[in-house]
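If you count by mature numbering (1 follows the signal peptide of the UniProt record, and there is no 0), then the sequence shown holds residues -22 to -1, 1 to 537, one letter each, in order.
Just so you know, even glycine gets a beta-carbon here, dropped at the ideal spot from N, CA and C.
Because the structure is a prediction, the values reported are computed rather than measured.
This report refers to the structure that appears directly beneath it.
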Amino acid sequence: MISLRGCFICTVGLLVVEFAFGDLSNAPVECLKPFCLCQKKSSGSAVCSGRSLHYIPRLPKYVRSVAFTNTSISFIDNFGLFNLTFNQMERINFTGNLLLSIDKHAFRNLTFLDTLIISREPRLDLNSLKSSFMSLTRLKILVLYFKFNIWESLPKDMFNIYHFSKVKFLFLEGNIFTFVNFTTFGTMTRLQGISLADNAISHISFTKLTSLTKLDMSSNLLPKVPNFCRRNNTSYFPNLETLTLSHNNIGFLGPKSFRCLPRLSTLNLDYTKIGKLQDNVFAFLPSLQKLHLHSIGNPLKSIKQNAFNSSSLETLDLKGSNFHFNMKQRYDANKIFASCSNLKELDLTENNMPSDDLTFRTIFRPLRKLQKLYLTKTKMLNLPTNVFTNMKLLQTLHLNENGITDWNDSCRIFGNMTSLKYLSLRHNRISVINETSFPDNFLSRLEKLKLARNPFSCICDQMWFRNWIQKNGSILMEFPKEYRCGNPNNMRGILLKDYKPTAKSAIHGILCIQWQLSWELFLYRSSLLVLSLQSVRAISRTTYIYYVYITAGNRDISS
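Written as C-alpha cells, this is what we have:
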C-alpha cells in the first residue's frame, strides 16, 4: 500500500507539473528589457547582454536565434537552458561571458538546434563541454563555432559521438593549437568545412575525410605545405575544392607541393614568404581556377617561365607582390603567361610594370581571353599601344594611381575594345580630356567611367569634356565631388562642374595666346640679330653701318 500510495502521489505531481508547463508554453512572453533586444524580423532573433544578467530568461515565441554576450552566466546546469525549450531555437551563441561549465544534460529537448557558437570563453572547462555533447541527440544539420577560446589542444575523443556524423561545418579559429590531429574529426563523416585559422599550428596530421570541400589553415606557423597524399598516393581529401594557407611561414613551393588534390579549384597563398615561383608548381592541380598570391615574398623576386603552367586557371591575383616586370632578368616576358592562356581575371596591382611598349605587348600577348585587368599602382607613366586592343573580351580595366598624363593615337590604345564596360583612370595626372582622347563610339559603349582625382586644367581646352559631362555624366563615377581644377593656380580646388567656359571666352583666350606667341617670336628674332652683330664685331675692327628693320602686322598692332 505504501508503494502504491507513493506512485499515486508521484503521478499526481507529474500531472500538475505537466499542466503547469503547458500553461507556461502558451503564455505570452515579453522581451526581458533592458538586458535583451528582440527582433521579430530576420526569422526572429534576440541578443541578451550585460554583466547583471546571471541566468537564461524566457524569450518571445518568435525568437529562433539567441546570443548571450558579456553576461555573468557562469554555470549552465541540468535545467539551465530549459527556458529556451519553449522556442523553436535553431541557433545559440555564447560569446564573452563567464562560462565555467555546462551540464551533460543541458542541451536536451533543444530539438531544432542546428548551430552552436561558443566564442571567447577561455574559462570554460573543455571536458564539461565534451560531456554536454551527449545531450545533442536530435540534431539536423549542425554548425559548430568554437572561436577565440584560447584552447591549447583538443581531447582526441572531443567529437567521438555518433550523432556528430551530421556536422557539416566546424570552426576552431583563434585558439592556440600548435598541433592538430585530424583523427579528432574522424566521426564527422559529412564534414564539408573546417577552419583552423588564427592558431599557432606548425605541425599537422591528416586522416581521410572524403566529404571535406573547404579547409582554412590561414594565419598559422606552417613552415611548408602539408602533404596531402596518403602512403598509396591517394588523397586525404579527394573532394577538397578550397584550400587557404595564407599568412604562414611557407617559403618554398616545388612541383610536388600540391599533389593529390584532384578537385581543388581555389588556392590561397596570400602573404606567405615565397620569394621565387618555380616551374610547374601548380601543374598537378588539374581543376585549379583561382590562384591568390597577394603580397607573396614581399617582394616576389623571380618567376620561372612555366610557373603558371595551368590550362584550367581563370583568376590570378598577384596584387602587392612588388614584382619587377621592368627587370627582364627576373622573368621571361615571352613565356610568363603563355601557359595560362585561359585567364579571365588578372590583378597586378602594386607591381612594377615595364616602361617600354614592346615588353608590355610581349607580356600580355597570350592573354586574349581576359575579362578583368587590374594595373593600379604599377608605376605606369604612359599608356602602352597595341596591348589592350588585342583584348576583345576585356570588360573591366583599372589603371588607377599611376603617373599617366596624356596620350596620342587613342585608336592604338583603346581601339577595338568593343566589350569594355568599365574603365578607371582614377588618381593619375590627366589634365585635359578632349574629343581625341578616346576613339569614336568608345565612350558611348561604356557603362562606368572613373576619372576622379586627376588635376584637370580649367582652360578652354576642357570645354569639350565639360559639354560631354552635361550629356553623359551619369556614367562618370564620383562626379562631381572628386573632379576639381588643378590649374591655373587661381582656380585650383574648384569643382570642375563650376568651371563653365564659353565659346567667347575660349576665342579670347586663343587670341591672347596668339598675341603672346607673336611677341615672344619678335623678341627671339631680335636677340638672334644682336648676337649676330656681336659675332661680326669680334671678327673685325672695321666700322660698319647696320640697318635694322622691325616689322609688325596689323593684327599685332590692333591687339
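Through-space distance from residue j to residue i, alpha-carbon basis
| i | j | result |
| --- | --- | --- |
| Asp418 | Gly464 | 27 Å |
| Ala261 | Asp384 | 42 Å |
| Leu294 | Leu321 | 7 Å |
| Phe434 | Val41 | 56 Å |
| Ile139 | Thr250 | 37 Å |
| Ser131 | Phe155 | 5 Å |
| Thr222 | Leu247 | 7 Å |
| Leu337 | Ala311 | It is Thr, not Leu, that sits at residue 337 in the sequence shown. Approximately 7 Å between the Cα atoms of the pair. |
| Asn226 | Gln440 | 51 Å |
| Phe57 | Ser189 | 36 Å |
| Phe157 | Pro204 | 13 Å |
| Asp92 | Lys297 | 39 Å |
| Arg86 | Ser110 | 9 Å |
| Lys282 | Cys207 | 26 Å |
| Leu454 | Cys438 | 21 Å |
| Cys318 | Leu345 | 8 Å |
| Trp493 | Asn386 | Note on Trp493: pLDDT 38, under 50, position unreliable in the model; the coordinate value appears next. For Trp493 and Asn386, the distance between alpha carbons rounds to 27 Å. |
| Asp476 | Asn445 | 13 Å |
| Gly254 | Ser173 | It is worth fixing the name first, because residue 254 is Lys in this sequence and not Gly. C-alpha separation (whole angstroms): 28 Å. |
| Gly471 | Ser402 | 21 Å |
| Leu361 | Asn329 | 16 Å |
| Leu148 | Met369 | 43 Å |
| Cys16 | Arg69 | 14 Å |
| Asp135 | Arg343 | 56 Å |
| Asn287 | Leu353 | 22 Å |
| Asp257 | Leu269 | 15 Å |
| Leu245 | Lys11 | 47 Å |
| Lys125 | Val7 | 32 Å |
| Thr367 | Pro466 | 35 Å |
Where residue i falls, given that 16 or more other Cβ within 10 Å makes a residue buried
| i | result |
| --- | --- |
| Tyr33 | exposed |
| Ser21 | exposed |
| Ile128 | exposed |
| Ala285 | buried |
| Asn432 | buried |
| His181 | exposed |
| Thr161 | exposed |
| residue 538 | The requested residue 538 is not part of the displayed model; the chain covers only -22 to 537. |
| Leu199 | exposed |
| Ser299 | buried |
| Ser513 | Note that Ser513 scores 47 on pLDDT, short of 50, meaning its location in the model is unreliable; the coordinates nonetheless yield the value given after this. The residue in question, Ser513, is exposed, as its Cβ has fewer than 16 Cβ neighbours within 10 Å. |
| Gly275 | buried |
| Thr363 | buried |
| Lys428 | buried |
| Gly152 | buried |
Residue of the options minimising C-alpha distance to residue i
| i | options | result |
| --- | --- | --- |
| Asn159 | Leu218, Asn65, Leu359 and Tyr214 | Tyr214 |
| Leu104 | Asn368, Leu424, Phe137 and Gly393 | Phe137 |
| Ala45 | Arg29, Thr73 and Leu59 | Thr73 |
| Arg390 | Ala175, Thr414, Gly275 and Pro6 | Thr414 |
| Gly451 | Leu474, Arg470, Asn468 and Pro466 | Leu474 |
| Thr49 | Leu291, Glu99 and Ile447 | Glu99 |
| Leu359 | Thr374, Leu351 and Asp334 | Asp334 |
| Asp325 | Pro216, Lys355, Lys39 and Ile179 | Lys355 |
| Asn121 | Met112, Ser143 and Lys134 | Looking at the sequence shown, residue 121 is not Asn but Val. Answer by Cα proximity: Ser143. |
| Ser422 | Phe53, His405, Arg407 and Lys449 | Lys449 |
| Trp442 | Lys478, Met112 and Lys186 | Lys478 |
| Asn211 | Leu187, Leu199 and Cys238 | Cys238 |
| Lys279 | Thr89, Val259, Lys268 and Lys306 | Lys306 |
| Pro201 | Gly152, Thr185 and Leu231 | Leu231 |
| Leu88 | Asn61, Lys108 and Arg101 | Asn61 |
| Arg308 | Pro332, Asn368 and Thr327 | Pro332 |
| Arg339 | Asn329, Lys357, Thr327 and Phe315 | Phe315 |
| Phe184 | Lys18, Arg209, Tyr123 and Asn412 | Arg209 |
| Tyr123 | Pro133, Ile96, Arg116 and Lys82 | Ile96 |
| Cys26 | Cys9, Asn468 and Lys19 | Cys9 |
Sub-7 Å separation of residue i and residue j beta-carbons
| i | j | result |
| --- | --- | --- |
| Ser397 | Phe416 | no |
| Ser243 | Glu219 | yes |
| Leu371 | Lys347 | yes |
| Lys192 | Gly164 | no |
| Phe13 | Leu31 | yes |
| Ala430 | Arg404 | yes |
| Leu169 | Leu187 | yes |
Whole-angstrom C-beta distance between residue j and residue i, which should lie under 8 Å
| i | j | result |
| --- | --- | --- |
| Tyr461 | Lys426 | Actually they do not touch by this definition, with Cβ atoms about 15 Å apart. |
| Ile51 | Leu76 | 7 Å |
| Leu291 | Leu271 | The Cβ separation is near 12 Å, so there is no contact. |
| Pro216 | Pro233 | About 20 Å separates the two Cβ atoms, so there is no contact after all. |
| Asp194 | Ala175 | 5 Å |
| Leu59 | Ala24 | So it is not a contact: roughly 14 Å between Cβ atoms. |
| His141 | Thr115 | 6 Å |
| Lys350 | Thr327 | Contact doesn't hold; Cβ gap of about 12 Å is too wide. |
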